[in-house]
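A.B. asks: When the letters of the sequence shown are read in order and numbered with mature numbering (1 follows the signal peptide of the UniProt record, and there is no 0), they come out as residues -30 to -1, 1 to 463.
One structure, pasted below without further comment.
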Amino acid sequence: MKQLSSVPRKLRVDALAALLLSLAAASAFAQASAPATEPATGTNDAAAPAQPAADAAAPAPTGLWERSNLLGNMGGLRDVLDEHGVTLSLQETSEYLYNTSGGTGRGGAYQGLTQFGFNVDTGKAIGLPGGTFNVSGLQIHGTNLTQRYLQTLQTATGIEANSTTRLWELWYQQSLLDGKVDVKVGQQSVDQEFMVSQNAATFMNATFGWPVLPSTDLPSGGPAYPLSSLGVRLRVKPADAWTAMVGVFDGNPAGRSDGDAQALNAHGTNFNLRSGAFVIGEVQYALNAPPADPKAPQPAGLPGTYKLGFWYHSQHANDPRYGTDGLSLADPASNGTPATHRGNYGFYAVADQMVWRPSADSPRSVGVFARVMGSPGDRNLVDFAANAGVTLKAPFVGRDNDVAGIAIGYAKIGSHARGLDGDTGAYTTPGYPVRRAETVIEATYQYQVAPWWQVQADLQHFFRPGGGIPNPNAAGARIGDETVVGVRTTITF
C-alpha cells in the first residue's frame, strides 16, 4: 500500500512548510476578527445583502491585519487603476489532503491554485455606462488526490485539476434598463452563476460547488472549473425578489470527447462553437430580500434564496448499457457500438435559508442548504444527486467571521449503468459488483486569520467510493470506504 513517501520529497516538504507556517500565524493572530473573504464563487444570489452607501465612501483600512488584501493599496496603484475603472484580483489557494484509510492506497497530495485577473468598468474607462469587461486565468499546480488514491465520483476538493496555466473566463457584460437586465457574452464558466448555493460553498468537496451530476453527465464535465465555453447569458430582475437567467453555450469546452478534456484544451484557448449547444436556465426567488434602495425599510424576516433550473444538451448521448444491435454491451455477441439517445437534459432545485439569528445585528447565524437534481438513467452515469448541510457563522465569541459546517453529498448510479454491471457479472466476470451509490460526509471549519487570509480544516468520509467499484489492487473486492483529512489556506493579494 502506498505511503506518504510516494509524494516527491521536495513537493512534500514545501507543502508541509507552507501549511505549518499558515497554522502558526493563525494561532499567533487568533484575536484578529474581520470580514471574511471567500474563494471565487457564484455571486448571483438575489438575497445577497445590499451595502449601505456610507460603507462604500468610508476609507479602506490600511493596517496589515485589517485591510482586505495582503498587498493593500500597492503604493497607490490600486487607487490609480480604480480611477480608470480597473480592478485587479490575485488569490492563492493551497491545500494538503491525506487519505487515512480505504481507497486504492493511503497517502497525501498537495494541490494549489492561483487565480488572477482584472475587471474593467467601462463607464469609468471609456464612458460607456453599465459595461464590465472581465479576464481571468488559473495557474494550477500540485497533484490530484482523487485520481491517485480515492477514485470517487465526488472529488475531494473543488480545485483539483491538471497542472497547467490556462485562460478561464473572457467576457463582456452590459447592464440595461437601470440594472433590471444584463447580458454577458464571451468565454464563461457557468458554475459561477448557475446551481450556486452560498452555504454549500463553505465546503471543500467539489460536489458542493459544481455538483457531481452535471460534472459526470455532461461532455468534459460541462463548462465549469477549470474549463469554460463560448456563449451568451441573459439575466432579468423584474423585482427585488425575483431573478431569471438563461444561457446558451458551446456544448463541449474541450472541443471533442476522445481524450482527457483538460489535456485537449490545456490552456483554455479552444474557442469552439462546433460541439452542439448547452442550454441552462434558472429562476430565483429571494425570501426577505433586501431592497435595492439601502435607505428603504429592511425586511424583518430571515433571508433565503430558492432556485429552480434545467439544462439541455443538444448532442446525442451514448447508452451506458445497450448497443445499436439491441444487445448488452457486456454480451460477447454485441457489436460494441453504443446506442444513442437524442439529446440529454436535467432538472435541479436549490435552497439556501438562514434559520436562526439571535438578533438582526448579530454576526452569529445558522444557515441550511439543500440541492436535488436528476437526469435520465438510460444515458447518464449519475441519474440522481443531492447534497445538504448546515453552517454556523461566528461559532465562538470573538470569532465573528469563522464558519463551521457539516454536509452530506449523495450520487446515485444511473439505471442503465447499474444494468451493465449486472450484465458484466452474468456474461464475463462472475461476481462483478453492481454499483449503487456513493455518499460523502464532510465536516469543516473556516478560520479567518485576517480579511485576506483564511485557514480551513477539513474531514471527509466516503461510503462506497465510485458507487462500489472494484478495487484494482484486490481481486474480487470493492474499494473500501475512505477517510480524508486536510487543511487549506487561502490568501487574497
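By construction, the Cβ of each residue, glycine as well, lies at the ideal position given by its N, Cα and C atoms.
Bear in mind that the values here come from a model prediction, so they are computed numbers and not experimental data.
#1: Quick check on DSSP: helix, strand or coil for R388?
#2: Excluding five sequence neighbours on each side, which residues of the same chain lie with their C-beta closer than 6 Å to the C-beta of R458?
#3: Enumerate in chain order the residues of its own chain whose CB-to-CB distance from V218 is below 7 Å, with the five nearest sequence positions on each side excluded.
#4: Between which two residues does the beta strand (DSSP E) containing L137 stretch?
#5: Which same chain residues end up closer than 6 Å to F164 when comparing Cβ atoms and leaving out the 5 residues on each side of it in sequence?
#6: For A(-1), does the count of other Cβ atoms within 10 angstroms reach 16, so buried, or fall short, so exposed?
#7: Report yes or no: do three or more beta-carbon pairs, one from the region 173 to 184 and one from the region 122 to 132, lie closer than 8 Å?
#8: Provide the residue(s) that pair with I110 in DSSP beta bridges, ordered along the chain.
#9: Per the DSSP calculation, N252 is bridged to which residue(s)?
#10: May I ask which residues mark the beginning and end of the beta strand (DSSP E) holding K363?
#11: For the alpha helix (DSSP H) containing E36, list its first residue and its last residue.
#12: Along the chain, where does the beta strand (DSSP E) containing D289 start, and where does it finish?
#13: Thinking just about the alpha-carbon of each residue, which of A364, I439 and D372 is nearest to the one in T394?
#14: Which residue's Cα is closest to the Cα of G221: F173, L204 and Q157?
#15: Quick one, are the C-beta atoms of S284 and R291 less than 8 Å apart?
#16: If we count the other Cβ atoms within 10 Å of its Cβ and call it buried at 16 or more, is A355 buried or exposed?
#17: Using the rule of at least 16 other Cβ atoms within 10 Å of the residue's Cβ for burial, across every protein chain shown, is V367 buried or exposed?
#18: Taking the alpha carbon of N169 as the point to measure from, which residue in R448, I376, F433 and R434 has its own alpha carbon closest?
#19: Do P196 and Q232 have their beta-carbon atoms positioned less than 8 Å apart in this structure?
#20: Can you tell me where the alpha helix (DSSP H) holding G375 begins and where it ends?
#21: Using only the alpha-carbon positions, how far apart do P318 and D353 sit?
#22: Should D331 go down as buried or exposed, given a rule of 16 or more other Cβ atoms within 10 Å for buried?
#23: Give the straight-line distance between the Cα atoms of I383 and V56, rounded to the nearest whole angstrom.
#24: Apart from the five residues on each side of it in sequence, which residues of its chain come closer than 7 Å, Cβ to Cβ, to A309?
#25: Kindly give me the distance between the Cβ atoms of K150 and Q143, rounded to whole angstroms, as I take these residues to be in contact under 8 Å.
#26: Please check the pair T460 and Q430, which I expect to be a contact at CB under 8 Å, by giving their CB distance rounded to whole angstroms.
#27: Going by DSSP, what residue range makes up the beta strand (DSSP E) through R434?
#28: Should T186 be flagged as near chain D, meaning a C-beta pair shorter than 8 Å?
#29: What span of residues does the alpha helix (DSSP H) with P193 cover, start to end?
#30: Just the C-alpha distance for R226 and P189, rounded to the nearest angstrom, thanks.
#31: Using a Cβ distance threshold of 8 Å, determine whether the region 72 to 88 contacts the region 38 to 49, with at least three qualifying pairs required.
#32: Tell me which residues share the same chain as S106 and place their Cβ nearer than 6 Å to its Cβ, disregarding the 5 neighbours each side in the sequence.
#33: Where does T462 fall in DSSP's three states?
#34: For my contact list, A387 and R405 are in at a C-beta cut-off of 8 Å; report their separation, rounded to the angstrom.
#35: Please name the residue in R434, A381 and V455 whose C-alpha comes closest to that of A447.
#36: Please return the same chain residues whose Cβ sits closer than 7 Å to the Cβ of P5, not counting the five positions on each side in sequence.
C.D. replies: With the given structure in hand:
#1: Working through the sequence shown from its first residue, we reach residue 388 at position 418. R388 carries a helical assignment under DSSP once its states are collapsed to helix, strand and coil.
#2: Counting from one through the sequence shown, the residue named residue 458 turns up at place 488. So the list reads E65 and Q426, once near-sequence residues are dropped.
#3: The residue labelled residue 218 in the question sits at position 248 within the sequence shown. Once the five neighbours on either side are set aside, the close Cβ partners of V218 are G201, V202, A247 and V249.
#4: By 1-based counting over the sequence shown, the position of residue 137 is 167. Unbroken beta strand (DSSP E) run through L137: T134 to L146.
#5: If you number the sequence shown from 1, residue 164 lands on position 194. Taken in chain order, the residues that qualify are I250 and E252.
#6: Here residue -1 refers to the residue found at position 30 of the sequence shown. With a pLDDT of 35 at A(-1), under the threshold of 50, the predicted position of this residue should be treated as unreliable, though the coordinate-derived value follows. A(-1) counts as exposed, since fewer than 16 other C-beta atoms from the protein chains shown sit within 10 angstroms of its C-beta.
#7: Contact between the region 173 to 184 and the region 122 to 132 is present, because at least three Cβ pairs lie under 8 Å.
#8: Locating residue 110 in the sequence shown gives position 140, counting from the first residue. DSSP output for I110 lists L83 and T134 as bridge partner(s).
#9: As a working note, residue 252 is residue 282 in the sequence shown. For clarity, residue 252 is Glu in the given sequence; the question names Asn instead. E252 pairs with M215 and G279.
#10: Within the sequence shown, numbered from 1, the residue matching residue 363 stands at position 393. Annotation for K363: the continuous beta strand (DSSP E) segment containing it runs V352 to K363.
#11: Along the sequence shown, one-based indexing puts residue 36 at 66. Note, E36: premise wrong, no alpha helix (DSSP H); not H, not E.
#12: Within the sequence shown, the letter at position 319 stands for residue 289. It spans A287 to G293 - the beta strand (DSSP E) in which D289 sits, taken as one unbroken run.
#13: On the sequence shown, residue 394 is found 424 positions in, with the first residue counted as 1. It is I439.
#14: What you label residue 221 is simply residue 251 of the sequence shown in a count that begins at 1. Of the candidates F173, L204 and Q157, the residue whose Cα lies closest to the Cα of G221 is Q157.
#15: Within the sequence shown, numbered from 1, the residue matching residue 284 stands at position 314. Within the sequence shown, numbered from 1, the residue matching residue 291 stands at position 321. No, these two residues do not count as a Cβ contact at 8 Å.
#16: Locating residue 355 in the sequence shown gives position 385, where the first residue counts as 1. Residue environment for A355: buried (at least 16 other C-beta atoms within 10 angstroms of its C-beta).
#17: Numbered from 1 along the sequence shown, position 397 holds the residue referred to as residue 367. Burial state of V367 is exposed, judged by a 10 Å Cβ sphere holding fewer than 16 other Cβ atoms.
#18: Taking the first residue of the sequence shown as 1, we reach residue 169 at position 199. Residue I376 holds the alpha-carbon nearest to the alpha-carbon of N169 among R448, I376, F433 and R434.
#19: In the sequence shown, residue 232 corresponds to position 262, counting from 1. In the sequence shown, residue 196 corresponds to position 226, counting from 1. A distance below 8 Å separates the beta carbons of Q232 and P196.
#20: Counting from 1 along the sequence shown, the entry for residue 375 is found at position 405. Unbroken run through G375 is the beta strand (DSSP E), V373 to I383; no alpha helix (DSSP H).
#21: Locating residue 318 in the sequence shown gives position 348, where the first residue counts as 1. Locating residue 353 in the sequence shown gives position 383, where the first residue counts as 1. The amino acid at residue 318 is misidentified as Pro; the sequence shows Tyr. Looking at the backbone, the Cα of Y318 and that of D353 are separated by about 12 Å.
#22: Within the sequence shown, numbered from 1, the residue matching residue 331 stands at position 361. Exposed is the label assigned to D331, since fewer than 16 other Cβ atoms lie within 10 Å of its Cβ.
#23: Numbered from 1 along the sequence shown, position 413 holds the residue referred to as residue 383. Numbered from 1 along the sequence shown, position 86 holds the residue referred to as residue 56. Distance between the alpha carbons of I383 and V56 is about 46 Å.
#24: Against the sequence shown, residue 309 aligns to sequence position 339. Within the same chain, and ignoring the five residues on either side of A309 in sequence, the residues whose Cβ sits closer than 7 Å to its Cβ are D289, Y292, G293 and T294.
#25: Taking the first residue of the sequence shown as position 1, residue 150 is located at position 180. Taking the first residue of the sequence shown as position 1, residue 143 is located at position 173. Incorrect: roughly 14 Å between the Cβ atoms, too far for contact.
#26: On the sequence shown, residue 460 is found 490 positions in, with the first residue counted as 1. On the sequence shown, residue 430 is found 460 positions in, with the first residue counted as 1. Not really, about 18 Å apart at Cβ, beyond 8 Å.
#27: What you label residue 434 is simply residue 464 of the sequence shown in a count that begins at 1. That residue, R434, is in no beta strand (DSSP E); it is neither H nor E in DSSP.
#28: This model lacks chain D altogether, as it is built from one protein chain only.
#29: For this step, residue 193 is matched to residue 223 along the sequence shown. The continuous stretches of alpha helix (DSSP H) do not include P193, and DSSP gives it neither H nor E.
#30: As a first step, residue 226 is located in the sequence shown; it is residue number 256 there, counting from the start. As a first step, residue 189 is located in the sequence shown; it is residue number 219 there, counting from the start. Whole-angstrom Cα-Cα distance: 8 Å.
#31: Contact annotation: the region 72 to 88 does not touch the region 38 to 49, with fewer than three C-beta pairs closer than 8 Å.
#32: Indexing the sequence shown from 1 puts residue 106 at position 136. In chain order, G87, W138 and E139 place their CB closer than 6 Å to the CB of S106, counting only its own chain and leaving out the 5 sequence neighbours on each side.
#33: Counted from its first residue, the sequence shown places residue 462 at position 492. In the structure shown, T462 sits in a strand (DSSP, three-state: E or B).
#34: Mapped onto the sequence shown, residue 387 falls at position 417. Mapped onto the sequence shown, residue 405 falls at position 435. With a Cβ gap of about 7 Å, A387 and R405 count as contacting.
#35: Within the sequence shown, numbered from 1, the residue matching residue 447 stands at position 477. For the set R434, A381 and V455, the Cα lying nearest the Cα of A447 is the one of R434.
#36: Position 35 of the sequence shown, counting from 1, holds the residue named residue 5. Note that P5 has pLDDT 34, beneath the 50 cutoff, so the model's placement of it is unreliable and the number below is only indicative. Once the five neighbours on either side are set aside, the close Cβ partners of P5 are N371 and P421.
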